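Residue numbers (our numbering): 209 to 583.
First the structure, in the form of structure tokens, and then the observations on it.
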Ligand code: HMG
């Protein structure tokens, strides 16, 4: 079996930032409900000229800061999102126009709520393991902007972000085992009709489904002989409290985890605490958060990873840390007042980003044009 996994990760979080303390005050909710009840501080909110293409492009640009990566070595570019811009044209094709993606690179989009990034990752791994990659590598990009109705109970769990993952036979960061545990059910916990910009949610059902998916995926993983020795545990992170609940559930199945949340999982929540739920990107942002914090300490250690996508599907898998994640400095955030945030949401205010990749315009036929600041 070909050894495969993650060679490097690039990250981007939109710089616009909404504080949950201020949102709670504006919505007439006790601050503690958002900060302690959900274990979150704030969320990323994109500027008016950002979208899932620009944040994906910025994450890819961040990955390409690693100058050992050559675009001509990329044979597959998969983009996972649940914030699609078009029912036909893919985000990956826009990216092919913004970067020098080789014409013989396979580019396509994967959809399955938040778990789409994990399905794309395993598709890339299977492509490498099948030996059909011709010595080339894959890039998996997860990019999302999560928004719920203003004033709803879900609003404080919004967020945005993107990751670009280089998947190869030289997994300098994380080698990934081939055994996975899966669980799938039809469930009305969360969906986003084509006519709506915001998701519809049955909040408590979504939490129960996440925890049920974790239990079922774990049982499937164990039955298939998956290795359950986890030095770290990283979970899909819609908000910190959800991960605490998930860790507790996993501890009931694996008693050696009991009472060790701080050591095994807490560091994975740092980026998400202020980025919020970045949907497809959330699990890999949690992994990056852990690796950035642990540095050399993590080398050789195993990571149990749990991915969940509403609707629902769940997957449990395991990797081994092979090396240190390069230093990634996230751009400085810009706090938006709640008035600015509300007015941007309602379309009454357009505040623009001036760095990185930008949406220039959308023409009368819905075609999007992009540029890069400074070009
Ligand atoms: P809610 O109605 O605010 O929930 O909605 P709540 O009233 O149960 O309060 C939340 C927590 O705050 C509770 O803690 C309260 O006790 C506590 P818990 O009992 O759960 O430990 N609390 C306080 N704590 C301190 N001080 C106070 C206080 N008051 C209350 N004063 C909910 C919360 C998460 C349901 C809502 O925000 C929501 O619907 N969010 C969106 C759905 C979601 O994120 N679901 C997560 C699982 S599904 C998933 O992860 C998939 C997803 O990423 C989508 C995809 O796959 O595409 C979402």
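C-beta atoms are modelled at their ideal positions from N, C-alpha and C, and glycine is treated no differently.
Source: prediction; values computed, not measured.
Rounded Cβ spacing between residue i and residue j (contact assumed at less than 8 Å)
| i | j | result |
| --- | --- | --- |
| residue 442 | residue 371 | About 13 Å separates the two Cβ atoms, so there is no contact after all. |
| residue 278 | residue 335 | The pair is not a contact, with the Cβ atoms about 18 Å apart (cut-off 8 Å). |
| residue 386 | residue 209 | 6 Å |
| residue 575 | residue 498 | Not really, about 40 Å apart at Cβ, beyond 8 Å. |
Any non-hydrogen atom of the ligand HMG closer than 7 Å to residue i Cβ
| i | result |
| --- | --- |
| residue 476 | no |
| residue 220 | no |
| residue 228 | no |
| residue 579 | no |
| residue 441 | no |
| residue 153 | Absent from the structure is residue 153, since the part of the chain shown begins at 209 and ends at 583. |
| residue 329 | no |
| residue 292 | no |
| residue 518 | yes |
| residue 470 | no |
| residue 455 | no |
| residue 401 | no |
| residue 281 | no |
| residue 412 | yes |
| residue 484 | no |
| residue 408 | no |
| residue 245 | yes |
| residue 240 | yes |
| residue 415 | yes |
| residue 361 | yes |
| residue 447 | yes |
Proximity to residue i [Cα-Cα], best of the options
| i | options | result |
| --- | --- | --- |
| residue 405 | 277, 358 and 451 | 358 |
| residue 323 | 446, 248 and 545 | 446 |
| residue 367 | 351, 525 and 377 | 351 |
| residue 394 | 418, 312, 375 and 221 | 418 |
| residue 219 | 374, 250 and 307 | 374 |
| residue 271 | 504, 307, 288 and 296 | 307 |
| residue 282 | 487, 345, 223 and 245 | 345 |
| residue 256 | 538, 223 and 493 | 223 |
| residue 403 | 293, 543 and 531 | 293 |
| residue 280 | 416, 466, 309 and 328 | 309 |
| residue 435 | 258, 528, 411 and 298 | 528 |
| residue 582 | 500, 566, 575 and 573 | 566 |
| residue 391 | 274, 432 and 410 | 432 |
| residue 369 | 430, 259 and 421 | 259 |
| residue 551 | 254, 411 and 250 | 254 |
C-beta atoms of residue i and residue j nearer than 8 Å
| i | j | result |
| --- | --- | --- |
| residue 248 | residue 242 | yes |
| residue 555 | residue 252 | no |
| residue 482 | residue 316 | no |
| residue 261 | residue 302 | yes |
| residue 228 | residue 546 | no |
| residue 523 | residue 388 | yes |
| residue 496 | residue 479 | yes |
| residue 413 | residue 428 | no |
| residue 492 | residue 300 | no |
| residue 438 | residue 526 | yes |
| residue 328 | residue 318 | yes |
| residue 365 | residue 477 | no |
| residue 337 | residue 489 | no |
| residue 538 | residue 221 | yes |
| residue 298 | residue 353 | no |
Cα-Cα separation, residue i to residue j
| i | j | result |
| --- | --- | --- |
| residue 238 | residue 362 | 15 Å |
| residue 521 | residue 321 | 9 Å |
| residue 560 | residue 304 | 24 Å |
| residue 426 | residue 548 | 44 Å |
| residue 563 | residue 461 | 46 Å |
| residue 502 | residue 383 | 17 Å |
| residue 458 | residue 507 | 23 Å |
| residue 577 | residue 571 | 8 Å |
| residue 341 | residue 558 | 44 Å |
| residue 517 | residue 214 | 21 Å |
| residue 264 | residue 464 | 38 Å |
| residue 452 | residue 269 | 33 Å |
| residue 356 | residue 343 | 43 Å |
| residue 449 | residue 536 | 26 Å |
| residue 487 | residue 540 | 22 Å |
| residue 444 | residue 494 | 8 Å |
| residue 531 | residue 236 | 46 Å |
| residue 424 | residue 314 | 33 Å |
| residue 286 | residue 330 | 11 Å |
| residue 473 | residue 415 | 19 Å |
| residue 580 | residue 466 | 48 Å |
| residue 266 | residue 514 | 26 Å |
| residue 381 | residue 500 | 11 Å |
| residue 504 | residue 569 | 44 Å |
| residue 274 | residue 533 | 11 Å |
| residue 244 | residue 276 | 42 Å |
Distance cut-off 7 Å: residue i Cβ against heavy atoms of the ligand COA
| i | result |
| --- | --- |
| residue 373 | Although the ligand COA was asked about, the structure shown includes only the ligand HMG as ligands. |
Below-8 Å beta-carbon distance, residue i vs any chain B residue
| i | result |
| --- | --- |
| residue 569 | No chain B is part of this structure, which consists of one protein chain only. |
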